[in-house]
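Going down the list, the sequences are from chains A and B.
According to my numbering, the first sequence is numbered sequentially starting from 1.
According to my numbering, the second sequence is numbered sequentially starting from 177.
For glycine and all other residues, C-beta sits at the position ideal for the given N, C-alpha and C.
If you're wondering where the values come from, they're calculated on a predicted model, not measured in any experiment.
First up is the structure itself, then whatever we jot down about it.
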Amino acid sequence: MKPASPLGSLAYHFVLLSLLAVGGANAIIPELHRVAVEQNHWLSNSQFVDLFAIAQAVPGPNVLIVTLIGWQVAGIPGACVATAAMCAPSCLLTYGAQRAWHRFYQSPVRLLLQRALVPVAVGLVLASGFVLTQAAGLDWKYVAISLVTALVAFGTKWNPLWLLGAAAVLGAAGWL
Amino acid sequence: MAELTAGDTTNPPAEAVSLGDLFAGFLQIAISGFGGVLPWTRRMLVEQRAWLNDAEFNELLSLCQLLPGPNVLNLAICVGARFQGWRGSLVSVTALLALPFCFAIGAGMLYVKYGDLTIVRGAMAGVSAAAAGLVIAMAGKMARSGIDGFRSACVASAGFTAVALLRWPIGWVLLGLIPVSLFLARVFKK
Numbered sequence: 001m002k003p004a005s006p007l008g009s010l011a012y013h014f015v016l017l018s019l020l021a022v023g024g025a026n027a028i029i030p031e032l033h034r035v036a037v038e039q040n041h042w043l044s045n046s047q048f049v050d051l052f053a054i055a056q057a058v059p060g061p062n063v064l065i066v067t068l069i070g071w072q073v074a075g076i077p078g079a080c081v082a083t084a085a086m087c088a089p090s091c092l093l094t095y096g097a098q099r100a101w102h103r104f105y106q107s108p109v110r111l112l113l114q115r116a117l118v119p120v121a122v123g124l125v126l127a128s129g130f131v132l133t134q135a136a137g138l139d140w141k142y143v144a145i146s147l148v149t150a151l152v153a154f155g156t157k158w159n160p161l162w163l164l165g166a167a168a169v170l171g172a173a174g175w176l
Numbered sequence: 177m178a179e180l181t182a183g184d185t186t187n188p189p190a191e192a193v194s195l196g197d198l199f200a201g202f203l204q205i206a207i208s209g210f211g212g213v214l215p216w217t218r219r220m221l222v223e224q225r226a227w228l229n230d231a232e233f234n235e236l237l238s239l240c241q242l243l244p245g246p247n248v249l250n251l252a253i254c255v256g257a258r259f260q261g262w263r264g265s266l267v268s269v270t271a272l273l274a275l276p277f278c279f280a281i282g283a284g285m286l287y288v289k290y291g292d293l294t295i296v297r298g299a300m301a302g303v304s305a306a307a308a309g310l311v312i313a314m315a316g317k318m319a320r321s322g323i324d325g326f327r328s329a330c331v332a333s334a335g336f337t338a339v340a341l342l343r344w345p346i347g348w349v350l351l352g353l354i355p356v357s358l359f360l361a362r363v364f365k366k
């Protein structure tokens, strides 16, 4: 039951993904890759990786990868539809939930939910990192850049932009 | 805005933070949020504008991380709603998204135009690999507080294996894993 028009298709996929993004937009990268590259052939593998890199380098929430996929599929309208579809369901859910939250915060159920969901989110985000590393290319130099960036970003509080910039310079200089 | 004295736990009353304030605040977050917006959000909300105190911020953040969707957007919804109802939520989300949306499209256009140049290809390859590394680091940082024993490590590994290695659709993985994880969290203390 997939809609035929590109805009409808974007809306359909991203509305579903919005509610699956446990752990934020970075948790659903493998699914985005499946939908955009493998199923619908909206993007090539390398385009996907490039758009993700752009989304990371641009300031703002990391939902921008969805904006860029929509834009690639159907121009500005595609970007608008994809962003709205990705944001609206989870935003509505949050709006509904925040009213009851203050009372709920004290309850043992909240703690249980948190203890159950955080490890799930960790697994999903790690899976995203793995899929992105794979998609960026399995050449040892790329993998080394990914791992070194991961270690430095994990161990320091440096602004991640420096790491992206350093990798850009290495790449532009032709060392990768 | 009212001055908050040390130890004061009351946040500003609803009318103290207008729609304009919300717009300005989240716009500031949007444009300063290079490579992750969350630290900037805390800085703006708690340290600079004192709309929330530390405990309130943590309480809201835990909700926003629990719910699906981008955490920062969820936070904008909550903060907006607290001060100005649904209009506040709408204004905050718009302020957070509008400029980054334009930046992203602009960068996308440059990419389409110059993406085939050798030097750009090289730079993009480097940035892509580094961006993947940043996501791995993010998982590591989440694990520092979220993985506290054998149970949580098993749940995280199961999710990783299903999505990354087996490439199962995330919807089915969550449908299976969340109930199991709830059960395990109920049974095991650690």
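Flag residue i as yes if its beta-carbon sits less than 8 Å from any beta-carbon of chain B, otherwise no.
{"i": "Y12 (chain A)", "result": "no"}
{"i": "N45 (chain A)", "result": "no"}
{"i": "Q98 (chain A)", "result": "yes"}
{"i": "N26 (chain A)", "result": "yes"}
{"i": "N62 (chain A)", "result": "yes"}
{"i": "Q114 (chain A)", "result": "yes"}
{"i": "Q56 (chain A)", "result": "yes"}
{"i": "W140 (chain A)", "result": "no"}
{"i": "A74 (chain A)", "result": "no"}
{"i": "V15 (chain A)", "result": "no"}
{"i": "A82 (chain A)", "result": "no"}
{"i": "V37 (chain A)", "result": "no"}
Grab me the residues of residue i's own chain with a C-beta within less than 7 Å of its C-beta, minus the 5 sequence neighbours each way, in chain order.
{"i": "P77 (chain A)", "result": "L7"}
{"i": "T181 (chain B)", "result": "Unreliable positioning characterises T181 (chain B) in this predicted model, as indicated by a pLDDT of 39, which lies under 50. The coordinate reading is nonetheless provided below. The answer is none, since no qualifying residue turns up."}
{"i": "A182 (chain A)", "result": "In this structure chain A extends from 1 to 176, so residue 182 (chain A) is not present and cannot be described."}
{"i": "A36 (chain A)", "result": "W42, L43, F48, I69"}
{"i": "G201 (chain B)", "result": "M220, R225"}
{"i": "S321 (chain B)", "result": "none"}
{"i": "L195 (chain B)", "result": "Q260, R263, G264, V267"}
Is the Cβ-Cβ distance between residue i and residue j less than 8 Å?
{"i": "L176 (chain A)", "j": "A307 (chain B)", "result": "no"}
{"i": "L68 (chain A)", "j": "A85 (chain A)", "result": "no"}
{"i": "R218 (chain B)", "j": "F233 (chain B)", "result": "yes"}
{"i": "A153 (chain A)", "j": "L310 (chain B)", "result": "yes"}
{"i": "L10 (chain A)", "j": "G60 (chain A)", "result": "no"}
{"i": "A172 (chain A)", "j": "S304 (chain B)", "result": "no"}
{"i": "L214 (chain B)", "j": "N247 (chain B)", "result": "yes"}
{"i": "L170 (chain A)", "j": "G302 (chain B)", "result": "yes"}
{"i": "A334 (chain B)", "j": "L353 (chain B)", "result": "yes"}
{"i": "L242 (chain B)", "j": "Q114 (chain A)", "result": "yes"}
{"i": "T133 (chain A)", "j": "V148 (chain A)", "result": "no"}
{"i": "T83 (chain A)", "j": "F279 (chain B)", "result": "no"}
Could you check how far apart the C-beta atoms of residue i and residue j are, in whole angstroms? I think they sit under 8 Å.
{"i": "S90 (chain A)", "j": "P345 (chain B)", "result": "No, S90 (chain A) and P345 (chain B) are not in contact; Cβ-Cβ is about 18 Å, not under 8 Å."}
{"i": "V269 (chain B)", "j": "G123 (chain A)", "result": "Contact doesn't hold; Cβ gap of about 28 Å is too wide."}
{"i": "A257 (chain B)", "j": "G264 (chain B)", "result": "6 Å"}
{"i": "V49 (chain A)", "j": "A136 (chain A)", "result": "5 Å"}
{"i": "L126 (chain A)", "j": "A315 (chain B)", "result": "4 Å"}
{"i": "L272 (chain B)", "j": "I207 (chain B)", "result": "Their Cβ separation, rounded to whole angstroms, is 10 Å, which puts L272 (chain B) and I207 (chain B) out of contact at 8 Å."}
{"i": "I281 (chain B)", "j": "A79 (chain A)", "result": "6 Å"}
With a CB to CB cut of under 6 Å and the five nearest residues on each side skipped, what residues in its chain are close to residue i?
{"i": "A167 (chain A)", "result": "I145"}
{"i": "V15 (chain A)", "result": "A85, P89"}
{"i": "V118 (chain A)", "result": "none"}
{"i": "N45 (chain A)", "result": "V37, A135"}
Counting only beta-carbon atoms, is residue i nearer than 8 Å to chain A?
{"i": "N229 (chain B)", "result": "no"}
{"i": "G352 (chain B)", "result": "no"}
{"i": "S268 (chain B)", "result": "no"}
{"i": "F233 (chain B)", "result": "no"}
{"i": "L243 (chain B)", "result": "yes"}
{"i": "W348 (chain B)", "result": "no"}
{"i": "V363 (chain B)", "result": "no"}
{"i": "Y287 (chain B)", "result": "yes"}
{"i": "G335 (chain B)", "result": "yes"}
{"i": "G298 (chain B)", "result": "yes"}
{"i": "S195 (chain B)", "result": "Reading off the sequence shown, one finds Leu at residue 195 (chain B), where the question assumed Ser. Cβ-Cβ to chain A under 8 Å: no for L195 (chain B)."}
Please list, in chain order, all residues of the same chain as residue i whose beta carbon is under 8 Å from its beta carbon, the five residues on each side excluded.
{"i": "R327 (chain B)", "result": "L360, A361, F364, K366"}
{"i": "V131 (chain A)", "result": "I29, P30, H33"}
{"i": "L239 (chain B)", "result": "N250, C254"}
{"i": "S128 (chain A)", "result": "N26, A27, I28, I29, P30"}
{"i": "R297 (chain B)", "result": "G291"}
{"i": "G183 (chain B)", "result": "Only weak support is given to the placement of G183 (chain B): the predicted model assigns it a pLDDT of 39, under 50, and the value that follows is read from those uncertain coordinates. No residues qualify anywhere along the chain."}
Any chance you could list the beta strand (DSSP E) runs of at least 3 consecutive residues sitting entirely within the region 133-174 of chain A, in chain order?
none
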